[in-house]
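Structure, as structure tokens:
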Amino acid sequence: MIKAVFFDLDDTLLWDQKSIKQAFVETCKLAEEKYGVDSERFEDAVREAARELYSSYETFPFTQMIGINPFEGLWGNFLDDIDEFRKLKKIAPVYRKDAWTNGLKKMGIHDPEFGLELAEAFPQNRRKLPFVYEETFKILDELRKDYRLLLLTNGSPDLQQTKLEITAELVPYFEQIVISGDYGRGKPDPGIFEHALSLMELDKNEAIMVGDNLMTDILGANTVGMKSVWINRHDKQRNEVIPTYEIVHLEELLPLLDKLNQE
Numbered sequence: 097m098i099k100a101v102f103f104d105l106d107d108t109l110l111w112d113q114k115s116i117k118q119a120f121v122e123t124c125k126l127a128e129e130k131y132g133v134d135s136e137r138f139e140d141a142v143r144e145a146a147r148e149l150y151s152s153y154e155t156f157p158f159t160q161m162i163g164i165n166p167f168e169g170l171w172g173n174f175l176d177d178i179d180e181f182r183k184l185k186k187i188a189p190v191y192r193k194d195a196w197t198n199g200l201k202k203m204g205i206h207d208p209e210f211g212l213e214l215a216e217a218f219p220q221n222r223r224k225l226p227f228v229y230e231e232t233f234k235i236l237d238e239l240r241k242d243y244r245l246l247l248l249t250n251g252s253p254d255l256q257q258t259k260l261e262i263t264a265e266l267v268p269y270f271e272q273i274v275i276s277g278d279y280g281r282g283k284p285d286p287g288i289f290e291h292a293l294s295l296m297e298l299d300k301n302e303a304i305m306v307g308d309n310l311m312t313d314i315l316g317a318n319t320v321g322m323k324s325v326w327i328n329r330h331d332k333q334r335n336e337v338i339p340t341y342e343i344v345h346l347e348e349l350l351p352l353l354d355k356l357n358q359e
């Protein structure tokens with residue numbers, strides 16, 4: 097009997113990729129206006145520069161384990177009281193400035209001052225542009241009538257809480273919110289799933305995990321023996337990780353859970 101639904105946050109309930117994309121569009125427009133560069137090519141250059149830099153820092157293995165991507169690093173403050181986050185907090189302003197400055201360099205422009213201006217514009221644009229999938233609230237409203245809900249998200253507590261602050265209407269749906277940076281390891285580590293189950297006082301057969309990422313959400317749930325639902329909105333190819341169920345729209349969850357609980 098399924099009693100609870102565990103949800104991933106980014107690109108499952110929140111459309112984080114769209115928020116990041118729109119923040120890039122708004123910020124890259126500034127470079128197009130100033131230097132006449134093609135804003136899409138410039139976005140590609142900055143994304144590439146950001147990835148290169150991000151993977152060069154000593155914090156990279158930690159960010160991978162906790163689940164913080166390079167583009168979150170371009171706007172997160174990492175005000176978390178843990179040594180590795182303190183290192184990230186120190187690196188972040190330099191990383192942002194260098195990512196945008198190096199992106200400009202890839203376009204043949206040397207202007208560190210403008211790089212800093214762009215680095216400061218991007219977080220402001222990201223905060224102004226939160227997107228939630230249109231079906232999210234409808235589904236959560238339906239589910240909470242019959243199921244307990246938990247949010248299980250990878251990332252920096254400070255950054256994930258910021259995302260929840262700018263979409264505050266999401267928070268009341270969840271009995272518990274588990275963030276990998278608080279726990280100390282990220283999905284797919286089985287420990288964080290076991291921790292979430294223990295917070296809810298549930299057995300692995302009484303909860304189901306819903307997420308968009310095969311290598312974190314689905315792999316982790318599979319490892320502890322929980323049923324998993326992969327939300328595959330963009331027709332991605334499966335890899336070796338096999339979810340229990342695959343859906344393309346959150347609305348498919350309702351009949352799926354009904355069917356499961358009638359078996």
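In terms of the numbering used here, the sequence shown opens at residue 97 and continues consecutively.
Using N, Cα and C, we set each Cβ at its ideal position, and we do this for glycine too.
A quick note: this is a predicted structure, and the numbers were derived from the prediction, not measured.
Beta-carbon proximity of residue i to residue j, cut-off 8 Å
i      : j      : result
Ile98  : Leu346 : no
Leu236 : Tyr191 : no
Ile304 : Val325 : yes
Glu136 : Phe158 : no
Ala100 : Leu349 : no
Among the options, nearest to residue i - alpha-carbon criterion
i      : options                        : result
Gly277 : Asp176, Leu350, Ala141         : Asp176
Glu362 : Phe210, Ile327, Ala100         : Nothing about residue 362 can be reported from this structure: the residues present for the chain run from 97 to 359 only.
Arg223 : Pro268, Tyr341, Gln118         : Gln118
Arg281 : Phe102, Leu310, Gly163, Asp331 : Gly163
Gln220 : Leu170, Tyr131, Leu353         : Leu170
Gly204 : Asn173, Phe156, Tyr131, Ala264 : Tyr131
Arg240 : Leu353, Met161, Val121         : Leu353
Ile187 : Ile273, Tyr153, Phe158         : Tyr153
Tyr341 : His330, Asp179, Met322         : Met322
Leu366 : Lys234, Phe138, Asn173         : Given a span of 97 to 359 for the chain in the structure shown, any question on residue 366 remains unanswerable.
Leu310 : Ile343, Phe120, Lys185, Glu302 : Ile343
Phe120 : Phe218, Met161, His206         : Phe218
Arg329 : Leu298, Tyr229, Leu266, Phe233 : Tyr229
Phe233 : Asn173, His206, Val267, Tyr150 : Val267
According to DSSP, residues forming a beta bridge with residue i
i      : result
Phe218 : Paired residues: none, contrary to the question.
Phe102 : Leu246, Met305
Tyr341 : Val325
Val267 : Val267 is not bridged to any residue.
Val274 : Leu248
Val228 : Leu110
6 Å CB neighbourhood of residue i in its chain, flanking five on each side removed
i      : result
Asn198 : Ala145
Pro284 : Thr312, Leu315, Gly316
Gly307 : Asp104, Thr108, Asp313
Asp112 : Asp106
Lys332 : none
Pro351 : none
Leu184 : Thr155, Phe174
Same chain only: Cβ atoms within 8 Å of residue i, ignoring 5 sequence neighbours per side
i      : result
Pro208 : Lys193, Thr197
Val320 : Pro286, Phe289, Glu290, Leu293, Lys300
Pro226 : Leu110, Ser115, Lys259, Ile262, Thr263
Arg147 : Pro166
Asp134 : Glu128
Gln272 : Leu246, Leu247, Ala292, Leu295, Met296
heavy atom of the ligand NAD below 7 Å from residue i C-beta
i      : result
Pro253 : No copy of the ligand NAD appears in this structure; indeed no ligand is present at all.
Own chain residues within Cβ distance below 7 Å of residue i, not counting five before or after
i      : result
Ile275 : Thr249, Gly251, Pro253, Gln256
Met161 : Arg281, Gly282
Point to revise | Meets three-Cβ-pair contact criterion under 8 Å: the region 115 to 131 and the region 243 to 253 | key: no
Point to revise | Stretch pair the region 281 to 291 + the region 257 to 269: three plus CB contacts closer than 8 Å | key: no
Check your understanding: Three or more C-beta pairs closer than 8 Å, one from the region 202 to 220 and one from the region 126 to 142: is that the case here?
Key -> yes
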